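Enquirer: Residue numbers (our numbering), protein chains in the order written: chain B, 110 to 791; chain W, 6 to 304. Note that beta-carbon positions come from the ideal geometry of N, C-alpha and C, so glycine has one too. Source: prediction; values computed, not measured. Please find one structure pasted underneath; my questions will follow.
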Amino acid sequence: MAEDAAAIAQEGKPASAGRASPWSFLGNQPVGAILLCAMLLAAALAATVSNLTVQLPAALWLQSLAAPDVADMRQVLVHYAFLPRLAVSLLCGAALGLAGTVLQQVLRNPLASPETVGVSAGAYLALALATLLSPSLLAFGREWIALAGAFTAFAAVFALSWHKGLSPLSVVLAGLVVSLYAGAIGAALIVLRHEWLASLFIWGAGSLGQQDWSTTLWLLPRIGTAALAIFLMVRPLTLLGLDDEGARSLGVPLGAYRFAGLAAAVALIAFVVAAVGVIGFVGLAAATLARIGGARRLGQQLVMAPLIGGALLWAADQAVQIATGPQGDLLPTGAITALLGAPLLLWLLPRLALGLETPALTAEPLPRASRPGLVLAAIGLGLLLLLGLALLYGPGPHGWTFAFGDELRPLLSWRWPRVLAALSAGAMLALAGLMMQRLTGNPMASPEVLGISAGAALGMIVALFALSDAGRPVQTAAATIGAFAALLVTLAIGRRAAYAPERLLLAGVALTALFDALILVLTATGDPRAMLLLNWLTGSTYGVDVSAALLTGGIAVCLFALAPLFMRWLDILPLGSAAVQGLGINLKGTRLLVLLMVAALTAASTLIVGPLTFIGLMAPHLARRLGLSRALPQAIGAVLAGALIMVAADWIGRTAIFPRQIPAGLVATLIGGPVLMWLLRR
Amino acid sequence: MPDHTCRMTRRQALGLFTLPFAGMASAATAEPRRPRIVCLDDGLAETLLMLGVPPVAIADRQVWETWVVEPPLPPDIADVGTLLEPNLELLQQLKPDIILSTPYLDGIKPLLERVAPVMTIGLYTEAGQPYRRALEATRQLARLVGKESEGEALIAATDAYFSDIRRQLAPLSARPIYVVSFMDPRNVRVYGKKSLFQEVFDRIGLSNAWTAETNYWGFSTVGVDGLATSSDARLAYLEPLPEGAGGTLTESPVWNAMPFVRNRSIMRLPAVLMFGALPSAARFARVLASAMIAEAARG
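Okay, here's the thing in structure tokens:
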């Protein structure tokens, strides 16, 4: 049973859970949450007074609130910019807190958040597509386009997890895949047409800036309606926290309420995204803080989480305005909340009651190949054919040609380093993903999710912006340091829980969000260096030269030579900690070694194909679906499949829109996403 | 400067800015062989076009058509893909004699050097002064293609053109001007110190209303309401506009309370490359002057 703390608390006294009402916290107050909320509100109020004083003498405050003098620009700005921005920050924070709580309750998963169900990414992508392909649609209002995207993404998540009865884990897994896919398409658009998307950067990064009260008035009735619907469902939503049999025995139509609860939460998030863009981490932070602060019953959480969310975003937004001056848009508040929220979550993780750790894999019968060797040979043959194509066939000034002889030599000197680097990176990511999935027993595990890729990217950012002339060697070194630093953070957090799977995942999600926020802040400032970064982040093999290719290939060969030592552990680890210790294996030591290996594999490959591909997630799944069930054959199959996907991605990226190029990491995501979704559907 | 020389250079200037190739074609026929230049910076490429030695390829023709516009790009100039990742296989097959690059692309310089020698010319750096750098770059490029006299003529013509504009605008130059590009209905890039436009302002005798700090490309991203610092300022905004910017702005109370909206001192300018060299500087002066004169004529 994978329940969160709330569910467990309710299980202890099921009789009272059934009668929970929004006001029951009066009898048993969540003191911590109330205190925290009061502290946030006090800080926000102090910051607001300070900001307002800068803009307008105190004597004019009341007048500018009630009836501003249009000739006095200061009063106009307070009335039509400062105050609506404050109102929007409160509304959005509250809506996200409420949505986060409902999502976590319905999905019975403390990881659930706007990002996890794919809604934010879907809304963002819809807006990017509309801007580029059909700008006239924007005339109807960008809100509606974002809403359509949010609900489409949600529908996709829903469809992908439907056949599993919308089980909590399948929803989160599908949400993650849809998010990554939407994000990849968005990144592809930006790489190809970046000069048009500067405004999307600002919006996407969650700028709360306002020019009038229209956004506030737009949000109020919509958020109000969704909130009312949620409060009317308190009782059935509380029962959703029970396990399925328990709830069903009480006569609750589980599917219907789960759907209604999710829809209300998605609508809330979509309204917020439509109005102000992606506000990172507030939903997750508010819901988590409310629970940690002692709000045990759902009724209490539904009151406390919006309060904390509103206070949190209000305080954050005022702090941003102190930093940037009044109405500063340079630091988008949504990105800043993610910057602040991620460390907060990292600090919270060891203190979070997640309930029992269970191998989360749904026990689903997968095929077992009777002759794994044959399967492996088939993948290997496919890889060889593809290698020939990638090296010899491509477009030029005179159309598509097979290159031979003298004509081939100069072309080959460009092609082989990229092909070798892509091959090595794909293979290493696949092995890293396989090891993570076997280690954690969690099908969502991969280097991308673990945060190691994000760490490498962070190192790269520091090198680009802190050093004036960071060449490739410096960037490489910085990325490696970043990857290992991220691993150390993850390990430090994981140590308390003996590297338990869910904590590592949470830590990784937090690190990834931190990194996303940084990227958004940097791109929103419009600094052209941000484009360099984006190009690398999307996994371009463009800059790979002979030495980089040989280095990556060499690292891959060395690490693969070590891999056989891990195979026995990887066969045993999925059996669970009791079984492992029963066999006399030191669980902690084993886990640590596996994680170190994963970090090395990830750092080396992320440098080549960027942190956004999800080969590590996909390749082991592919191998498993092809019937390779034991560790060694699955590892070989995954490595071959990872290499194959990456080489294909590089070739397509180089040739599809010649002379322009699509980064290989991005192509891998674009072709891999549907494959993974199809696998999930079966 | 005596008046008659001004008239001479003004005529030259008109020739250069309205018919960039008319005077150059005859000079070009005398050349034994033009160097095959791949140019990865639009500011350098526009300078080459004005010198009468078009590059064989540039990065991203689409960007040129939207953001540079003038001088028009001859159709036979190849497109090597995006600026950050010019297609190396295609570059090799174009067999250039030299590749012109900027410090911004230093990351890929080792790759480019495998194709042909690379000359790096930076117009935009931490130190600012893009106009002075553009002058140096013009001379450098003129030497490279053996068109020293055309280079000096371009510089002299641009200087003379600025003096000319300065005289025309003298009666209109009292009020400061914001120059912005809209990012979305709420946010603009406003150009200031270290920008090409600032240096044009200095030369044609206008004052920039945006005096705060800028990044090293010479702009700052701010909300529209950040432009309320100066009460008598005018606003000039550049095309292309992001979709939706025009529609929603007019309904915003903050926008309508802005001093330049209430004074109706708003000018819409056609696209000018904000990161360009001399031709872009001259184009900016020309489109701004004609907008200001048209505004003055309206009263």
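Measuring CA to CA, which of B:Y189, B:Y233 and B:A293 is closest to B:P783?
Expert: Here residue 783 of chain B corresponds to residue number 674 of the first sequence, with the count starting at 1. That would be B:A293, whose Cα lies nearest to the Cα of B:P783.
Enquirer: For B:F513, name the three-state secondary structure that DSSP assigns.
Expert: The residue given as residue 513 of chain B occupies position 404 in the first sequence. Three-state DSSP puts B:F513 in coil, outside helix and strand.
Enquirer: Using only alpha-carbon positions, find the residue among B:L329, B:V280, B:F263 and B:L483 that is nearest to B:V375.
Expert: Mapped onto the first sequence, residue 375 of chain B falls at position 266. Among B:L329, B:V280, B:F263 and B:L483, the Cα nearest to that of B:V375 is on B:F263.
Enquirer: Check the DSSP bridge columns for W:Y196 and list the partner residues they point to.
Expert: What you label residue 196 of chain W is simply residue 191 of the second sequence in a count that begins at 1. W:Y196 is bridged to W:F224.
Enquirer: Select from B:P556, B:C146, B:W170 and B:L341 the residue whose C-alpha is nearest the C-alpha of B:T397.
Expert: Position 288 of the first sequence, counted from the first residue, corresponds to residue 397 of chain B. The residue with the shortest Cα to Cα distance from B:T397 is B:C146.
Enquirer: Can you find a C-beta in chain B that's less than 7 angstroms from the C-beta of W:D230?
Expert: Counted from its first residue, the second sequence places residue 230 of chain W at position 225. Interface residue, yes.
Enquirer: With burial defined as no fewer than 16 other Cβ atoms inside 10 Å of the residue's Cβ, what is the status of B:R733: buried or exposed?
Expert: Position 624 of the first sequence, counting from 1, holds the residue named residue 733 of chain B. Burial call: buried.
Enquirer: Does DSSP classify B:A469 as helix, strand or coil?
Expert: Along the first sequence, read from residue 1 onward, the residue named residue 469 of chain B stands at position 360. Confidence at B:A469 is low in this model, with a pLDDT of 41, below 50, so the placement of that residue is unreliable and no value is reported for it.
Enquirer: Given 8 angstroms as the limit, is there contact between the segment 194-212 of chain B and the segment 386-393 of chain B, that is, 3 or more CB pairs closer than that?
Expert: They touch, by the three-pair rule.
Enquirer: Hey, does W:S31 have any beta-carbon neighbour from chain B nearer than 7 angstroms?
Expert: As a position in the second sequence, residue 31 of chain W is number 26, starting the count at 1. In this predicted model, W:S31 has a pLDDT of only 44, less than 50, meaning its place in the structure is not dependable enough to derive any value.
Enquirer: Starting from B:N573, follow its DSSP beta bridges and name the residues at the other end.
Expert: Counted from its first residue, the first sequence places residue 573 of chain B at position 464. Checking the sequence, you will find Leu at residue 573 of chain B rather than Asn. B:L573 pairs with nothing; no bridge assigned.
Enquirer: Using DSSP bridges, identify the partner residues of B:N218.
Expert: What you label residue 218 of chain B is simply residue 109 of the first sequence in a count that begins at 1. Looking at the DSSP assignment, B:N218 forms no beta bridge with any residue, so it has no partner.
Enquirer: Per the contact definition of three or more C-beta pairs closer than 8 angstroms, is the segment 334-343 of chain B in contact with the segment 171-189 of chain B?
Expert: Contact between the segment 171-189 of chain B and the segment 334-343 of chain B is absent, because fewer than three Cβ pairs lie under 8 angstroms.
Enquirer: How is the alpha helix (DSSP H) around B:G505 delimited, first residue to last?
Expert: Within the first sequence, residue 505 of chain B is the residue found at index 396, counting from 1. Looking at the DSSP string, B:G505 is not in any alpha helix (DSSP H); the run it does join, the beta strand (DSSP E), is Y502 to G505.
Enquirer: What does the Cβ neighbour count give for B:D515, buried or exposed, with the cut at 16 atoms within 10 Å?
Expert: Within the first sequence, numbered from 1, the residue matching residue 515 of chain B stands at position 406. Counting Cβ neighbours within 10 Å, B:D515 comes out exposed, since fewer than 16 surround it.
Enquirer: For W:F224, count the other beta carbons within 10 Å of its own beta carbon; 16 or more makes it buried, fewer makes it exposed. Which is it?
Expert: The residue given as residue 224 of chain W occupies position 219 in the second sequence. Buried, since its Cβ has 16 or more Cβ neighbours within 10 Å.
Enquirer: Spatial neighbours of B:A379 within its chain, please: CB distance less than 7 angstroms, with the 5 preceding and 5 following residues excluded, ordered by chain position.
Expert: Stepping through the first sequence from its first residue, residue 379 of chain B is reached at position 270. Result list for B:A379: V228, A232, A255, L256, A259 and F260, in chain order.
Enquirer: Relative to the C-alpha of W:V85, which candidate in B:L684, B:L660 and B:P506 has its C-alpha closest?
Expert: Residue 85 of chain W sits at position 80 when you count from the first residue of the second sequence. Checking every option, the nearest Cα to that of W:V85 belongs to B:P506.
Enquirer: Using a Cβ cut-off of 7 angstroms, which residues of the segment 506-537 of chain B contact any Cβ in chain W, in chain order?
Expert: Within the segment 506-537 of chain B, the residues whose Cβ lies closer than 7 angstroms to some Cβ of chain W are P506, P519, L520 and W523, listed in chain order.
Enquirer: So, for B:A499: in the same chain, excluding its five sequence neighbours on each side, which residues have a beta-carbon less than 6 angstroms away from its beta-carbon?
Expert: The sequence position of residue 499 of chain B within the first sequence is 390, counting from 1. Cβ neighbours of B:A499 beyond the five flanking positions: V528, V756 and W760.
Enquirer: Tell me the rounded alpha-carbon separation between W:A276 and B:G560.
Expert: Here residue 276 of chain W refers to the residue found at position 271 when the second sequence is read from its first residue. Here residue 560 of chain B refers to the residue found at position 451 when the first sequence is read from its first residue. C-alpha separation (whole angstroms): 42 angstroms.
Enquirer: Do B:T711 and B:G774 have their C-beta atoms within less than 7 angstroms of each other?
Expert: Counting from one through the first sequence, the residue named residue 711 of chain B turns up at place 602. Counting from one through the first sequence, the residue named residue 774 of chain B turns up at place 665. No; because the gap between Cβ atoms is not below 7 angstroms, this pair is not in contact.
Enquirer: Would you be able to state if there are at least three C-beta pairs under 8 angstroms between the segment 563-577 of chain B and the segment 727-743 of chain B?
Expert: The segment 727-743 of chain B is not in contact with the segment 563-577 of chain B.
Enquirer: Interface residues of chain B around W:S257 at Cβ under 7 angstroms?
Expert: Locating residue 257 of chain W in the second sequence gives position 252, where the first residue counts as 1. By Cβ distance, chain B contributes Q320 and D321.
Enquirer: Note the first and the last residue of the continuous beta strand (DSSP E) segment covering B:Y189.
Expert: Numbered from its first residue, the first sequence carries residue 189 of chain B at position 80. Segment: none, B:Y189 is in no beta strand (DSSP E) and carries neither H nor E.
Enquirer: Would W:L93 count as contacting chain B if we go by Cβ distances under 7 angstroms?
Expert: Looking up residue 93 of chain W in the second sequence gives position 88. Judged by the 7 angstroms Cβ criterion, W:L93 is in contact with chain B.
Enquirer: Identify the residues that DSSP records as bridge partners of W:R273: which are they?
Expert: Walking along the second sequence from the start, residue 273 of chain W turns up at place 268. W:R273 pairs with W:Y242.
Enquirer: For W:V123 versus W:L99, is the C-beta distance shorter than 7 angstroms?
Expert: Walking along the second sequence from the start, residue 123 of chain W turns up at place 118. Walking along the second sequence from the start, residue 99 of chain W turns up at place 94. The answer is no: Cβ separation not under 7 angstroms.
Enquirer: Within the chosen definition, does the segment 167-179 of chain W reach the segment 189-198 of chain W through at least 3 CB pairs nearer than 8 angstroms?
Expert: In short, these stretches do not touch, since the Cβ pair count stays below three.
Enquirer: Is W:E90 close to chain B? Criterion is C-beta to C-beta, closer than 7 angstroms.
Expert: The residue given as residue 90 of chain W occupies position 85 in the second sequence. Yes, contact with chain B.
Enquirer: What does B:D759 reach in chain W if we use C-beta pairs closer than 7 angstroms?
Expert: Residue mapping note: residue 759 of chain B aligns to position 650 of the first sequence, counting from 1. What B:D759 touches in chain W: nothing, since even the nearest Cβ is about 13 angstroms away.
Enquirer: For W:T130 and chain B, any beta-carbon pair shorter than 7 angstroms?
Expert: As a first step, residue 130 of chain W is located in the second sequence; it is residue number 125 there, counting from the start. Not one chain B Cβ lies under 7 angstroms of W:T130.
Enquirer: Measure from the alpha carbon of B:A594 to the alpha carbon of each residue in B:L576, B:V571 and B:A575, then state which is nearest.
Expert: Translated into the one-based positions of the first sequence, residue 594 of chain B becomes position 485. Comparing Cα-Cα distances from B:A594 to each of B:L576, B:V571 and B:A575, the minimum goes to B:V571.
Enquirer: So what's B:G822 in DSSP terms, helix, strand or just coil?
Expert: This structure does not reach residue 822 of chain B, given that chain B is present from 110 up to 791, and the question cannot be answered.
Enquirer: Which partner residues of W:T125 appear in the DSSP bridge assignment?
Expert: On the second sequence, residue 125 of chain W is found 120 positions in, with the first residue counted as 1. W:T125 is bridged to W:S106.
Enquirer: Suppose you measure from the CA of W:A282 to the CA of B:M545; what does that come to, to the nearest Å?
Expert: To locate residue 282 of chain W, count along the second sequence from 1; it is residue 277. To locate residue 545 of chain B, count along the first sequence from 1; it is residue 436. About 53 angstroms.
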